[in-house]
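Below is one structure, written out as structure tokens, with a few remarks after it.
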Amino acid sequence: MIYTLTLNPAIDYYIDMNKFEEGELNKVNNAYTLPGGKGINVSKVLKNFDVESMALGFYGGFTGNYIKTHLKDYGIKDGFIELEEDTRINIKLKTNNSESEISGKSPNISNKNIEELFKLVKNIKENDILVLSGSIPNSVRNSIYREIIDLLKNKNIKVILDSRDEAFKEAIKSGVFLSKPNKNELKEYFNKEINSFEDIIFYSKKLIEEGSQNLIVSMGKEGSALIAKDAVYKGNAPEGKLISSVGAGDSMVAGIVYGISKGLNIEDSYKYAIASGSATACSEGLTSFETMNKFLEKVKIEKI
1 MIYTLTLNPA IDYYIDMNKF EEGELNKVNN AYTLPGGKGI NVSKVLKNFD VESMALGFYG
61 GFTGNYIKTH LKDYGIKDGF IELEEDTRIN IKLKTNNSES EISGKSPNIS NKNIEELFKL
121 VKNIKENDIL VLSGSIPNSV RNSIYREIID LLKNKNIKVI LDSRDEAFKE AIKSGVFLSK
181 PNKNELKEYF NKEINSFEDI IFYSKKLIEE GSQNLIVSMG KEGSALIAKD AVYKGNAPEG
241 KLISSVGAGD SMVAGIVYGI SKGLNIEDSY KYAIASGSAT ACSEGLTSFE TMNKFLEKVK
301 IEKI
């Protein structure tokens with residue numbers, strides 16, 4: 001079974017307008033809402049690929065009920081724990097010139113809620129896959145991902161980590177199968193300038209020494225890199241009309257999890273990661289399996 005964990009989900013309110021003028025009345029061309037959260041996005045893409053997963057996390061209030069209903073309608077198994085406070089609302093604003101985001105205030109998560117989560121995590125079985133995605137709410141200690149990994153130490157479980165800041169640093173210490181920093185997050189982690197592909201390889205190998213068996217580093221238009229213990233691959237960014245980058249990174253995670261769940265090696269799974277991320281960036285919402293397959297034909301990987 002594949003599990004995704006979203007500690008800090010949200011309702012994402014997408015707004016599309018020609019331009020935004022501060023202090024003025026702004027007219028919206030289009031607007032819609034979707035349940036957000038990196039782990040939820042991974043589960044949704046996997047469902048689009050006809051792969052089952054269970055989504056874990058926290059939600060609460062009327063916004064939480066919206067997420068609960070959406071997951072049910074989408075056919076995703078729900079292991080979320082209910083909170084007293086409302087799940088946050090994020091605003092994602094797209095204009096002709098830029099994309100901006102306002103992150104909402106997270107609900108409080110108590111120690112009792114955390115213990116409930118730990119009980120669920122302990123049920124994860126040998127050879128399962130666990131995706132730890134996204135930010136940590138202010139009420140939760142930064143060591144939470146590391147603690148979860150430590151709970152599963154004696155089981156052969158592939159942990160995929162897609163986070164940043166202190167939560168990422170803590171989790172790496174306990175070892176993960178794969179992490180997915182982008183170029184800027186790699187720079188933040190080491191507090192060093194990263195100006196070349198050689199720099200990316202150098203610092204990625206340092207992360208391998210610290211506990212990440214494999215890394216995918218996304219580099220935007222320059223493509224991405226897969227760094228393993230004894231091999232380095234550079235992947236292209238397949239051509240397509242960019243619609244929105246929202247969810248592209250989560251789709252990369254879903255793509256590589258899809259490959260791994262089908263028994264593919266890390267290199268072949270990486271192809272699905274590239275295709276999935278690119279397909280979502282060129283789609284209205286998260287990619288379908290059919291769209292991903294079209295991009296798969298354009299994927300090119302070079303062993304360095």
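Residue 52 in full-length UniProt numbering sits at position 52 of the sequence shown, with consecutive numbering throughout.
Positions of the beta carbon are idealized from the N, C-alpha and C atoms, including for glycine.
Delimiting residues of the alpha helix (DSSP H) encompassing residue i
i, result
"K47", "38 to 48"
"G277", "266 to 281"
"L287", "Residue identity differs from the one stated: residue 287 is Thr in this sequence, not Leu. Taken as a continuous stretch (DSSP letters only), T287 belongs to no alpha helix (DSSP H), as it is neither H nor E."
"I172", "165 to 173"
"L120", "111 to 121"
"K183", "183 to 190"
Nearest-angstrom Cα separation, counted from residue j out to residue i
i, j, result
"G211", "K122", "22 Å"
"N184", "I208", "17 Å"
"F118", "I148", "7 Å"
"S53", "N195", "38 Å"
"residue 315", "E22", "Because residue 315 is not part of the residues shown, which for the chain are 1 to 304, the question remains open."
"A31", "V253", "27 Å"
"I2", "F197", "32 Å"
"L226", "I136", "26 Å"
"residue 358", "S276", "The requested residue 358 does not occur in the structure, where the chain is confined to residues 1 to 304."
"R146", "A248", "25 Å"
"Y74", "E267", "30 Å"
"V140", "L46", "27 Å"
"E101", "L161", "23 Å"
"N111", "V176", "25 Å"
"I301", "K19", "38 Å"
"D250", "L151", "24 Å"
"E85", "K68", "15 Å"
"D128", "V28", "44 Å"
"N8", "G37", "7 Å"
"K271", "V131", "19 Å"
"G64", "F202", "42 Å"
"K125", "F49", "23 Å"
"V257", "M292", "14 Å"
"D12", "L34", "5 Å"
"F58", "V232", "37 Å"
"K298", "M17", "32 Å"
"residue 305", "Y189", "Here the chain covers residues 1 to 304 and nothing more, so residue 305 does not appear."
"A10", "K205", "34 Å"
"V217", "E99", "22 Å"
"G61", "E82", "8 Å"
"F295", "L264", "18 Å"
"N154", "K173", "16 Å"
Those residues which DSSP pairs with residue i across a bridge
i, result
"K77", "M54"
"V131", "T4, I160"
"L178", "I160, N214"
"N90", "D12"
"L226", "I216, Y233"
"G60", "L83"
"E99", "K94"
"P35", "I11"
"N30", "D16"
Terminal residues of the beta strand (DSSP E) in which residue i lies
i, result
"S261", "That residue, S261, is in no beta strand (DSSP E); its alpha helix (DSSP H) goes 248 to 261."
"I301", "301 to 303"
"T6", "2 to 6"
"R141", "Note, R141: premise wrong, no beta strand (DSSP E); not H, not E."
Cβ-heavy atom distance, residue i to the ligand FAD, below 7 Å
i, result
"I260", "The ligand content of the structure shown is nil, which means the ligand FAD is not present either."
Cβ pair count under 8 Å reaching 3, the stretch 279 to 299 against the stretch 232 to 246 = By the Cβ criterion, the stretch 279 to 299 is in contact with the stretch 232 to 246, since at least three pairs of Cβ atoms, one from each stretch, lie closer than 8 Å.
#### Entry: Meets three-Cβ-pair contact criterion under 8 Å: the stretch 161 to 178 and the stretch 89 to 106
Taking 8 Å as the limit for Cβ pairs, the verdict is that the stretch 89 to 106 does not touch the stretch 161 to 178.
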